[in-house]
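Colleague:
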Amino acid sequence: MTDRGYQCHSLSDSLQTEGKYFLCRIRNNTKTERIIEYDVKPGGCVFYDAVVLLGTPGVNQTGTPVRLVGYRVGNTEYLIATNRHDLTAEQIAFIYKLRWDIEKFFQWWKKNLSVYHLIARSEYGVMVQLLAGLITYLLMAIYCRKHHNETVSVVRLRQIRISMRNELRTSSCEIIDLLQNTLD
1218 MTDRGYQCHS LSDSLQTEGK YFLCRIRNNT KTERIIEYDV KPGGCVFYDA
1268 VVLLGTPGVN QTGTPVRLVG YRVGNTEYLI ATNRHDLTAE QIAFIYKLRW
1318 DIEKFFQWWK KNLSVYHLIA RSEYGVMVQL LAGLITYLLM AIYCRKHHNE
1368 TVSVVRLRQI RISMRNELRT SSCEIIDLLQ NTLD
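Mapped onto this note's numbering, the consecutive letters of the sequence shown carry residue numbers 1218 to 1401.
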């Protein structure tokens, strides 16, 4: 699933040749050559459903037809190119909307947890990192609410981090002293 910035007609041809599914939001000014147009339900968010060739003939046109679904949210129109003919146009619109929900979640995650990239690369590793981050955030939210009657803030997180470092230094010094006294 990609956004307009990744729109590449040759990529859609390659993905279809490899038997891979894709959804790609395309620019509203993309040239299309309609092959088949399907009926859409009046009054719904979907206003267009067709099989098309993308691009300008002889220049950058796709060699393999794609399905193009157009839908509206408020005043914004979205055009989604896909090779998923087994889904309804509404399902395709919903899948793309989920992409934005995921995008918003990651923006929140980066902002609130100061995480700028994923360390893990496997599905399991990513899930562990996400859950660890969420659990940490929830614990911090509970702590800030209980002890300071406020929501989590960057300033409060920095204060807590400094306090934890100082505690660890003090504790480690006490442990070292205790070990030295035991050995003497």
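Just so you know, even glycine gets a beta-carbon here, dropped at the ideal spot from N, CA and C.
Going straight from the alpha carbon of residue 1335 to that of residue 1400, what length do you get?
Modeller: If you take the alpha carbons of residue 1335 and residue 1400, they lie about 44 Å apart.
Colleague: Over what stretch of residues does the alpha helix (DSSP H) that includes residue 1312 continue unbroken?
Modeller: Start and end: 1306-1330.
Colleague: Measure the beta-carbon distance from residue 1358 to residue 1369 and round it to whole angstroms, keeping in mind my assumption that it falls under 8 Å.
Modeller: Correct: roughly 5 Å between the Cβ atoms.
Colleague: CB residue 1289 to CB residue 1264, shorter than 8 Å?
Modeller: Cβ atoms of residue 1289 and residue 1264: closer than 8 Å.
Colleague: Under the assumption that residue 1271 contacts residue 1278 (Cβ atoms under 8 Å), give the Cβ distance between them as a whole number of angstroms.
Modeller: Confirmed, Cβ separation roughly 7 Å.
Colleague: Identify which residue in 1328, 1316, 1308 has its Cα closest to the Cα of residue 1257.
Modeller: Taking only the C-alpha atoms, the option nearest residue 1257 is 1308.
Colleague: Determine whether the beta carbon atoms of residue 1251 and residue 1267 lie at a separation below 8 Å.
Modeller: Their beta carbons are under 8 Å apart, which means residue 1251 touches residue 1267 by this criterion.
Colleague: Report the residue from 1325, 1375, 1262, 1227 whose alpha carbon sits nearest the alpha carbon of residue 1292.
Modeller: The shortest C-alpha separation from residue 1292 is found at 1262.
Colleague: So, helix, strand or coil for residue 1232, using DSSP?
Modeller: Residue 1232 falls in the helix class under three-state DSSP.
Colleague: To the nearest angstrom, how far is the alpha carbon of residue 1346 from that of residue 1355?
Modeller: When rounded, the distance between both Cα atoms is 14 Å.
Colleague: Pick out whichever of 1350, 1297, 1339, 1303 has its Cα sitting closest to the Cα of residue 1323.
Modeller: Comparing Cα-Cα distances from residue 1323 to each of 1350, 1297, 1339, 1303, the minimum goes to 1350.
Colleague: By the three-class DSSP mapping on this structure, what secondary structure does residue 1375 have?
Modeller: Looking at residue 1375 - three-state DSSP - the assignment turns out to be helix.
Colleague: Give me whichever residues DSSP pairs with residue 1244 in a beta bridge.
Modeller: According to DSSP, which records beta bridges pairwise, residue 1244 is partnered with nothing at all.
Colleague: Per DSSP, what kind of secondary structure is residue 1253 in: helix, strand or coil?
Modeller: Three-state DSSP puts residue 1253 in a strand.
Colleague: Between which two residues does the beta strand (DSSP E) harbouring residue 1284 extend?
Modeller: Residues 1283-1290.
Colleague: Can you give me the start and stop residues for the alpha helix (DSSP H) that residue 1297 sits inside?
Modeller: Segment 1293-1299 is the beta strand (DSSP E) holding residue 1297; no alpha helix (DSSP H) there.
Colleague: Could you please give the first and the last residue of the uninterrupted alpha helix (DSSP H) stretch that includes residue 1265?
Modeller: Counting along the chain, residue 1265 falls outside any alpha helix (DSSP H), though it belongs to the beta strand (DSSP E) covering 1263-1271.
Colleague: Please classify residue 1302: does DSSP put it in a helix, a strand, or coil?
Modeller: DSSP places residue 1302 in coil when its eight states are reduced to three.
Colleague: Less than 8 Å separating the beta-carbons of residue 1233 and residue 1300?
Modeller: In this structure, residue 1300 lies closer than 8 Å to residue 1233 by Cβ.
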